[in-house]
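Heads up: the structure comes next, in structure tokens.
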Amino acid sequence: MKRLLIIRLILESFNFAITSLKVNRLRTFLSLLGITIGIFAIISVFTVIDSLEKFIRESLDSLGDNMVYVQKWPWTPPEGETEYPYWKYLNRPSPEVEENDLLVRRAKNIENAVFLFGFGRTVQYENSKVENAEVLATTHALLDCWDLKMERGRYFTESEMISGSPVTVLGSELSEELFEGMNPVGKTIKFQGRKFRIIGIYEKKGQDLFGTSMDKRIHISVQKALSMVDIRNRDRGQTICVKAKRNIDPDELNAELTGIMRSIRKLKPMEENDFAINEVSIVSDQFDQFFAVFNMAGWIIGGFSILVGGFGIANIMFVS
83 MKRLLIIRLI LESFNFAITS LKVNRLRTFL SLLGITIGIF AIISVFTVID
133 SLEKFIRESL DSLGDNMVYV QKWPWTPPEG ETEYPYWKYL NRPSPEVEEN
183 DLLVRRAKNI ENAVFLFGFG RTVQYENSKV ENAEVLATTH ALLDCWDLKM
233 ERGRYFTESE MISGSPVTVL GSELSEELFE GMNPVGKTIK FQGRKFRIIG
283 IYEKKGQDLF GTSMDKRIHI SVQKALSMVD IRNRDRGQTI CVKAKRNIDP
333 DELNAELTGI MRSIRKLKPM EENDFAINEV SIVSDQFDQF FAVFNMAGWI
383 IGGFSILVGG FGIANIMFVS
């Protein structure tokens, strides 16, 4: 009897609630809408945070977990400081291709290194033209250091780099803009009044964290580029990208590179470094702090959404 009574009370309560919801349709709709918005707000906030974090992590991974960048400018302020003292770095010399060669010969803890810099030029093939395309001048070891794959053709060789051969490798997007579906390998493009034979096309890679894309770049050899532009008295982003051997301690690598660079530049013991050794881990640590704050904000927003949803449920219960 008690079980039947309990079941009867539950059914009557359920029927009464359904009837009340039907009678008070506007309140029911608004309450359910509030709950739905709250749930979707939680899902949306954490989806956006996770997607952003994934994109940034992948962009940092593309820089290489065992890569170190020797540059004029450090990526972050000095340790323990919040202000970036750009005036201290303004008159520093930029890295040079000769320093890259010396690092490769002297350093024991690296697999390879590549020197690079960039500049903009208008590129033309017959009647097709791309304004201000980014030309990236590199040494021959780029594919050993960066995660780049060839879709067609090949990269230039060491002998082509040393001799300054007029050969080039294009990004996939730039290739499509100039050739519109044709196979560009073997064809000739022109920029700065000079002709370059295309020997390869990169696979599509997409845009990275810093808004740049290999898909829109032209790669030529450093020696050829040096005959076209002056980098001695101008900052063109000259960089030495160093790929460390596996399982090398970062501090050991940093100390070795610092010692070699100081020796190359003949710095006295009391003189400060006039170069920066930038590690991907430095940026990664900065983003770890950023996402810790972001995740906390997400939980706060989610908490308010749950609170709003709770009031909505309470309202429905009251109406019922």
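In this note's numbering, the protein residues as written are 83 to 402.
Even glycine gets a Cβ: it sits at the ideal position worked out from N, Cα and C.
The structure displayed is predicted, hence computed values, not measured ones.
The C-beta distance from phenylalanine 197 to histidine 222 rounds to 10 Å, too long to meet the 8 Å contact threshold. Residue pairing by DSSP puts valine 212 in a beta bridge opposite Val205. Residue burial is scored here from C-beta neighbours: isoleucine 125 has fewer than 16 other C-beta atoms within 10 angstroms and is therefore classed as exposed. Residue pairing from DSSP places methionine 232 in a beta bridge opposite Tyr284. From the listed residues Asn191, Met352, Pro159, the smallest Cα separation to asparagine 336 is found for Asn191. Here glutamate 361 is bridged, per DSSP, to Val150.
Beta-carbon to beta-carbon, glutamate 193 and lysine 325 are separated by about 5 Å, close enough to satisfy the 8 Å threshold. Counting along the chain, valine 179 sits inside the alpha helix (DSSP H) bounded by residues 179-188. Under the 10 Å beta carbon count, threonine 118 is surrounded by fewer than 16 other beta carbons and is classified as exposed. Looking only at Tyr284, Lys287, Asn265, Val249, the smallest Cα-Cα distance to lysine 272 is reached by Val249. The beta carbons of lysine 170 and aspartate 317 sit no closer together than 8 Å. The residue from Gln206, Met232, Arg234, Glu240 with its alpha-carbon nearest to that of threonine 270 is Gln206. Per DSSP, serine 176 lies in no alpha helix (DSSP H) and is assigned neither H nor E. By the Cβ test, the stretch 208-227 is in contact with the stretch 302-315, since at least three Cβ pairs between them sit closer than 8 Å. For valine 127, DSSP records no beta bridge to any residue. Under DSSP, alanine 219 takes part in a beta bridge, and its partners are Phe199, Ile302. Within the same chain, Cβ atoms closer than 6 Å to the Cβ of proline 266 are found at Ser257, Ile280, the five residues on either side in sequence being excluded.
One thing to note: leucine 230 has its Cβ within 8 Å of the Cβ of tyrosine 284.
A straight-line Cα-Cα distance of about 13 Å links aspartate 297 and valine 212.
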